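Under our numbering, think of the first position of the sequence shown as 279, with each following residue one higher.
Don't be surprised by glycine CBs; every beta carbon is placed ideally from N, CA and C.
Here the structure is a predicted model, which means the values were calculated and not measured.
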Amino acid sequence: MYKIFLRTTFLLAALAVMTVGCSKQANNVEHDEDADRDLFCSLLNVENIGKTMPIVNQFLSGMTTEMDNERQLKELAAWLKSCPCVVDVAVGAQLRQMSEIVVSFDENETIKQFIMEVSMKKPLKIIEVREYERIEEDPIPEKNPIPTDEGDISFTEFSLDGTSCQWNITSIITNNGLKDGVIIINSMQELEKFIVCLDGNYPEINFSKHSLLLAFGVSWNVITEISKTFHQQSTNYVLNVEMTVLKNANYRQKWSIALVTNKLSDESNVELNVIPFYDEEEPKYLEIETGKYIETNPVKGNHTLNFIDGERLFSAKSLVLSGSNDIKYDEFKYEIDGYTIKLTPVEYPELPTYHYFRIVDKRKFEIGNIYITNHGGSTIPPIVYFEKQ
279 MYKIFLRTTF
289 LLAALAVMTV
299 GCSKQANNVE
309 HDEDADRDLF
319 CSLLNVENIG
329 KTMPIVNQFL
339 SGMTTEMDNE
349 RQLKELAAWL
359 KSCPCVVDVA
369 VGAQLRQMSE
379 IVVSFDENET
389 IKQFIMEVSM
399 KKPLKIIEVR
409 EYERIEEDPI
419 PEKNPIPTDE
429 GDISFTEFSL
439 DGTSCQWNIT
449 SIITNNGLKD
459 GVIIINSMQE
469 LEKFIVCLDG
479 NYPEINFSKH
489 SLLLAFGVSW
499 NVITEISKTF
509 HQQSTNYVLN
519 VEMTVLKNAN
529 YRQKWSIALV
539 TNKLSDESNV
549 ELNVIPFYDE
559 EEPKYLEIET
569 GKYIETNPVK
579 GNHTLNFIDG
589 ERLFSAKSLV
599 LSGSNDIKYD
609 EFKYEIDGYT
619 IKLTPVEYPE
629 LPTYHYFRIV
639 DKRKFEIGNI
649 YITNHGGSTI
659 PPIVYFEKQ
């Protein structure tokens, strides 16, 4: 018995030494990032694109938590761009809970794109990878009035402005395959599936007498105006959404409208007709006056863009929403072409971003997707306005 005990003790000690030795040896092995890039490129095809997520998330997990979200996104974009198969990288839609990175790559001498959905909760993490497909739409017709009939139904527009609430539009649209859709909401329990309120105060709707219609979709051009009618045809209901869009202002813009109407049953069939028309407005080729431009309707804090000359601007953005009283300063070189402005960070010249940009006049403009963090407790509007001080 004594000999068996000694022999067991010796074996356990030997195993412990071997385990420690192996651990030290493993810890001394440097991670091969070149191998990761090669593996990443080998998986860039329709069949295996989802398998790239663990590779990218491993890179993200190695970043220091002291980096802010914007810096981490830039580092990720730089790493992706360093992969030999990647042609271009652009940070796309940037929302409070989620951001998008669009990656262009070469597959058999054909340029293709895919989208990475990035959860903005620390640590940053890729939660979905999908192929970027632009939905082919029918040619936009000449503008004609939406036909109405004697079955028109009254409704009240439902807005979340001035509240801490926001629609989960990104997930709703993604779950619907980036297609237009409409949802009938008949209870608070159903409403809470599609809405987030940071302060816990949900809007009040008398669902015993009313229903909420939530229509949503994606436009591939900038929307300048939306009008709608709701009417009944036989036993079915029809929601017409007339959407005026800017010609040649290509910009993937998520949209949603909410209407409160008389009570509908859960079995009611609501058909959504989205009718787009071109706004023939041409880009204004004006020189932006030098000087400071401030966002016209910030909810919290301020964002100022200072145009120094015809090619440089400074950005000063309050970090109140990040729990800080500091101001974040960035310098960019800029180029305006039609409805697009190219912003090239001086600190990261290899990572330019492209934004929808429309000059209203020499002292006012609108710009799309320039934020990463939240804006006053709700999702950043895709387009914001700046006016000269």
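Query	Result
Counting only the same chain and skipping the five closest in sequence on each side, list residues whose C-beta sits under 7 Å from that of G328.	V407
Within 10 Å of its beta-carbon, does L564 have 16 or more other beta-carbons around it, so buried, or fewer, so exposed?	exposed
Report all residues from its chain with a CB closer than 8 Å to the CB of H488; omit the five preceding and five following residues, and keep chain order.	V538, T539, N540 and K541
Which residue or residues does DSSP assign as beta-bridge partners of L492?	I461 and A536
In three-state DSSP terms, what is V474?	strand
On the premise that D587 lies in contact with T568, defined as a C-beta separation below 8 Å, what is that separation, rounded to the nearest angstrom?	6 Å
Whose C-alpha, out of E395, I566 and V516, is nearest the C-alpha of E378?	E395
Select from L438, S596, T631 and I572 the residue whose C-alpha is nearest the C-alpha of K642.	I572
With a threshold of 6 Å on Cβ separation, who are the neighbours of R315 within its own chain once the five nearest residues in sequence on each side are excluded?	C361
Which residues in the same chain have their Cβ closer than 6 Å to the Cβ of Y626, if we skip the five residues on either side of it in sequence?	K352
Nearest to Q350 by alpha carbon, out of S534, L629 and N479?	L629
Note down, in chain order, each residue of its chain lying with its Cβ closer than 7 Å to the Cβ of F392, except the 5 sequence neighbours on either side.	I327, V381, V407, R408, E409 and Y410
List the DSSP bridge partners of Q444.	V474
Is I566 near K640, with beta carbons less than 8 Å apart?	yes
DSSP three-state call for E415: helix, strand or coil?	Low per-residue confidence applies at E415: pLDDT is 46, beneath 50, and the placement is therefore not dependable, though the value from the model is reported in the following sentence. In this structure, E415 counts as coil in the three-state DSSP scheme.
So what's L550 in DSSP terms, helix, strand or just coil?	strand
When the Cα atoms are used, what is the spatial distance from I605 to F585?	18 Å
Just to confirm, are I553 and E503 a CB contact at a threshold of 8 Å?	no
Given 8 Å as the limit, is there contact between the stretch 495–515 and the stretch 465–484, that is, 3 or more CB pairs closer than that?	no
Starting from I483, follow the alpha helix (DSSP H) in both directions and report where the run begins and ends.	It is not in any alpha helix (DSSP H) - I483 carries neither H nor E in the DSSP assignment.
Please state if the CB of K620 and the CB of Y607 are separated by a distance shorter than 8 Å.	no
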